[in-house]
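Asker:
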Amino acid sequence: MSLIQFTLIFFIIFLHNSKTVTSSTSFIAPITRDPSTELYTITIYFKTPLQSTNLLLDLGAKFTWIDCTPDSYTSTTHRYIPCGTNLCASLTSLSCSNCFRPTGPGCHNNSCALFPENPVIKNTVVAQALIDYFALNVTDGRNPGQLGVVPDFVASCSDNSLLRGLPDGVSGLAGLGRSNYSLPAQVSSVYASPNIFALCLPGVSSASSGSAFFNTGGPYYFFPGIDLSSHLVYTPLILNPIGFTIITYYGHPSDEYFINVTSININGKPLEINPSLLTIDDNGFGGTRLSTVTPYTTLETSIYNAFTQAFVNESAALNLTVTDAVSPFEVCYAASDVYSTPLGPAFPVIDLVMHSEDVFWRISGANTMVSVAREDEDGGDVWCLGFVDGGEKPRTSVVIGGHQMEDNLLQFDLVSMRLGFSSSVLVHDTNCASFNFTDDPGV
8 MSLIQFTLIF FIIFLHNSKT VTSSTSFIAP ITRDPSTELY TITIYFKTPL
58 QSTNLLLDLG AKFTWIDCTP DSYTSTTHRY IPCGTNLCAS LTSLSCSNCF
108 RPTGPGCHNN SCALFPENPV IKNTVVAQAL IDYFALNVTD GRNPGQLGVV
158 PDFVASCSDN SLLRGLPDGV SGLAGLGRSN YSLPAQVSSV YASPNIFALC
208 LPGVSSASSG SAFFNTGGPY YFFPGIDLSS HLVYTPLILN PIGFTIITYY
258 GHPSDEYFIN VTSININGKP LEINPSLLTI DDNGFGGTRL STVTPYTTLE
308 TSIYNAFTQA FVNESAALNL TVTDAVSPFE VCYAASDVYS TPLGPAFPVI
358 DLVMHSEDVF WRISGANTMV SVAREDEDGG DVWCLGFVDG GEKPRTSVVI
408 GGHQMEDNLL QFDLVSMRLG FSSSVLVHDT NCASFNFTDD PGV
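To convert, take the position in the sequence shown, counting from 1, and add 7; that gives the numbering used here.
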């Protein structure tokens with residue numbers, strides 16, 4: 008059978024099995040947590056024939072990139088983007104690229120060049136942009152359906168050196184940032200749907216997948232039939248006018264998501280901190296952003312010191328005494344002294360207060376603390392405060408990390424420019440790993 012015949016047969020079968028998609032179509036993809044790197048991967052379908060592909064989930068990245076080294080990328084529908092085209096210009100490409108290997112994915116002459124970045128090892132390479140088929144499962148908010156295709160998905164190639172430090176089994180990175188070529192923006196554009204997506208990251212103890220929803224403001228149903236979209240509280244998304252990437256794109260604002268945290272309370276008591284640290288200055292420094300590639304929330308040093316001191320004081324009222332720390336954490340408690348609750352270990356409650364005093368993101372025990380098994384048998388296991396010192400002059404004063412987002416539903420509404428957040432969904436007797444993926448019909 009020739010390659011052309013095989014491709015034709017594949018598409019006939021695919022179109023027969025696929026659900027009809029419309030401008031109102033919503034999509035879903037599973038998210039898994041990698042325990043060794045404490046990072047998250049999203050599973051999508053890419054290339055022709057469509058192949059299940061695991062990518063690092065990066066909330067703030069400008070675009071998606073994938074390993075195109077020889078023999079790692081095979082597709083009958085890939086195309087390159089010529090230099091000088093409007094599409095290349097819209098990608099803010101900084102250069103053209105030629106290739107001296109045999110022509111194939113990531114290897115063309117006069118090709119639009121991009122700079123994919125690895126946010127873990129802080130590295131980038133020069134690579135060629137490409138266009139190929141991309142697909143996600145449709146959903147009604149309760150179950151996954153058949154695949155809906157984005158036939159002209161724009162991404163960047165990379166080489167396998169950029170996979171260093173990422174979870175095993177990933178082929179690249181899924182960029183969910185604010186750019187026009189992020190994953191959610193392209194899916195929204197093709198289906199003429201509102202650019203609204205939501206993330207529900209699985210908790211550290213879960214063996215099942217969390218969920219990413221695209222093109223929908225809800226419903227988002229989780230076992231035993233709870234629509235978490237009805238439990239969202241909203242705060243504006245803030246634009247940082249200065250982007251901080253390895254390669255500087257002059258005049259382009261940040262693609263990352265910032266929110267207006269105005270104070271931090273512990274057990275209802277506000278910390279005494281410099282309020283200017285919580286605002287973004289003219290150079291793009293300060294403020295609060297969300298990051299799925301930062302495992303634990305980082306706080307500027309003066310905020311961190313006030314935060315940990317207040318937390319220790321409030322914990323003492325619960326008869327909890329600090330024990331030896333375990334890196335990278337500085338405040339730990341013997342697990343044997345701590346009570347368990349439906350929301351995790353019993354510790355002081357943390358509130359991130361937004362634009363109004365009655366709008367706050369509540370962080371309870373499961374998202375506040377990290378369970379650490381000591382290597383020495385005599386020490387016993389400990390609960391450690393899952394926040395780390397971000398340094399004296401960080402680019403961003405507060406970076407909300409993945410651990411604090413787990414088992415929280417977060418909705419990014421790029422139409423109304425707002426973030427919807429649920430706080431811990433454990434309070435509703437569900438979790439982010441309880442969406443019904445068991446009925447996934449696949450391709």
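Note that CB positions come from ideal geometry on N, CA and C, so glycine has one too.
Rounded to whole angstroms, how far is the Cβ of Gln418 from the Cβ of Gly250, which I believe are closer than 8 Å?
Answerer: The Cβ separation is near 23 Å, so there is no contact.
Asker: Return helix, strand or coil for Ile138, following the three-state DSSP convention.
Answerer: Strand at Ile138.
Asker: Could you work out which residue in Thr131, Phe70, Leu235 is closest to Asp436 when comparing CA atoms only?
Answerer: Asp436 has its Cα closest to that of Leu235, out of Thr131, Phe70, Leu235.
Asker: Can you list, in chain order, the residues of its chain with a C-beta nearer than 8 Å to that of Phe230? Leave out the 5 residues immediately preceding and following it.
Answerer: Once the five neighbours on either side are set aside, the close Cβ partners of Phe230 are Thr437, Ser441, Phe442, Asn443.
Asker: What does the Cβ neighbour count give for Ser30, buried or exposed, with the cut at 16 atoms within 10 Å?
Answerer: Here the model assigns Ser30 a pLDDT of 49, short of 50, so the residue's position is not dependable and the matter cannot be decided.
Asker: Give the straight-line distance between the Cα atoms of Tyr80 and Thr308, rounded to the nearest whole angstrom.
Answerer: Spanning the two alpha carbons is a distance of roughly 44 Å.
Asker: For Val338, does the count of other Cβ atoms within 10 angstroms reach 16, so buried, or fall short, so exposed?
Answerer: Buried is the call here.
Asker: Return the CA-CA distance between Val132 and Asn187, expressed in angstroms with no decimal places.
Answerer: Rounded to the nearest angstrom, the two C-alpha atoms are 21 Å apart.
Asker: Could you name each continuous beta strand (DSSP E) segment of 3 residues or more that falls completely within the stretch 65 to 148, going from the start of the chain to the end?
Answerer: Those beta strand (DSSP E) runs which fall completely within the stretch 65 to 148 and span 3+ residues are 72 to 74, 102 to 104, 118 to 121, 134 to 146.
Asker: Distance, Cα to Cα, Gln193 vs Glu364?
Answerer: When rounded, the distance between both Cα atoms is 36 Å.
Asker: Whole angstroms is fine: what's the gap from Val28's alpha carbon to Ser216's?
Answerer: Its pLDDT being 49, under 50, Val28 is placed unreliably by the model, and nothing is read from it.
Asker: For the stretch 359 to 430, which segments carrying the alpha helix (DSSP H) assignment without a break, of at least 4 residues, lie completely within its bounds, in sequence order?
Answerer: Complete alpha helix (DSSP H) runs here, min 4: 372 to 375, 409 to 412.
Asker: How many Å lie between Lys400 and Val406 at the Cα?
Answerer: Cα to Cα, Lys400 sits roughly 13 Å from Val406.
Asker: DSSP state of Phe442, grouped into three classes?
Answerer: Note: Phe442 maps to coil in three-state DSSP.
Asker: Looking at the structure shown, is Thr29 part of a helix, part of a strand, or coil, going by DSSP?
Answerer: Bear in mind that the predicted position of Thr29 carries a pLDDT of just 48, short of 50, making it too unreliable to give a figure here.
Asker: Taking C-alpha atoms, which residue in Thr445, Ile280, Thr299 lies nearest to Ala205?
Answerer: When only C-alpha atoms are compared, the closest one is Thr299.
Asker: Could you pull out every residue in the same chain whose Cβ sits closer than 7 Å to the Cβ of His362, ignoring the five residues on either side in sequence?
Answerer: Here the set comprises Thr242, Pro243, Asn267, Thr269.
Asker: Am I right that Cys119 and Leu101 are in contact with their C-beta atoms under 8 Å? What's the rounded C-beta distance?
Answerer: That pair is no contact at about 10 Å.
Asker: Should Lys276 go down as buried or exposed, given a rule of 16 or more other Cβ atoms within 10 Å for buried?
Answerer: So Lys276 ends up on the exposed side.
Asker: Can you give the Cα-Cα distance for Pro248 and Gly184, rounded to whole angstroms?
Answerer: Going from the Cα of Pro248 to the Cα of Gly184 covers about 14 Å.
Asker: In whole angstroms, what separates the C-alpha of Leu173 from that of Asn116?
Answerer: Going from the Cα of Leu173 to the Cα of Asn116 covers about 30 Å.
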